[in-house]
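Using the UniProt record's numbering, the letters of the sequence shown correspond one by one to residues 1 to 82.
By construction, the Cβ of each residue, glycine as well, lies at the ideal position given by its N, Cα and C atoms.
Small disclaimer: the values here were computed from a predicted structure and weren't measured.
A short worksheet on the structure shown next.
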Amino acid sequence: MISKQLSNAYNRGYKAGVRRIVIAWLGGKCQECGTTENLEIGHIKPVERQWRHYTDWLDRDNVKLVCTSCNQGEENGRRRTI
């Protein structure tokens with residue numbers, strides 16, 4: 001049986017890998033101001049954190065790449081980042 005520590009480490013690595021791919025896929029810069037620092041993957045339309053919606057997390061028409069400053073400046077109380 002896989003230990004919880006090993007499982008958590010794998011999940012962190014997996015998420016980091018997905019994050020790098022999505023950042024490259026979205027152009028590697030903030031879609032609002034153009035910076036390449038402190039990038040976050042946000043959703044245009046909020047998605048729930050439930051497994052049945054997992055494919056919605058990476059729907060190209062619903063994701064955007066923004067820096068922390070631009071993302072915090074939005075009026076979106078249900079912001080979700082990867």
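- Counting C-beta atoms within 10 angstroms of its own C-beta, C70 has 16 or more neighbours from the protein chains shown and is therefore classed as buried.
- Distance check between K64 and each of W25, Y14, E37 places W25 closest, using alpha-carbon atoms only.
- The beta-bridge partner set that DSSP reports for E40 consists of V66.
- According to the DSSP assignment, S3 belongs to no alpha helix (DSSP H), since it is labelled neither H nor E.
- Judged by DSSP in its simplified three-state form, D59 adopts coil rather than helix or strand.
- CA-to-CA, the gap between Q5 and T68 works out to about 29 Å.
- Sequence-distant Cβ neighbours of A16 in its own chain, meaning closer than 7 Å and more than five residues away, do not exist here.
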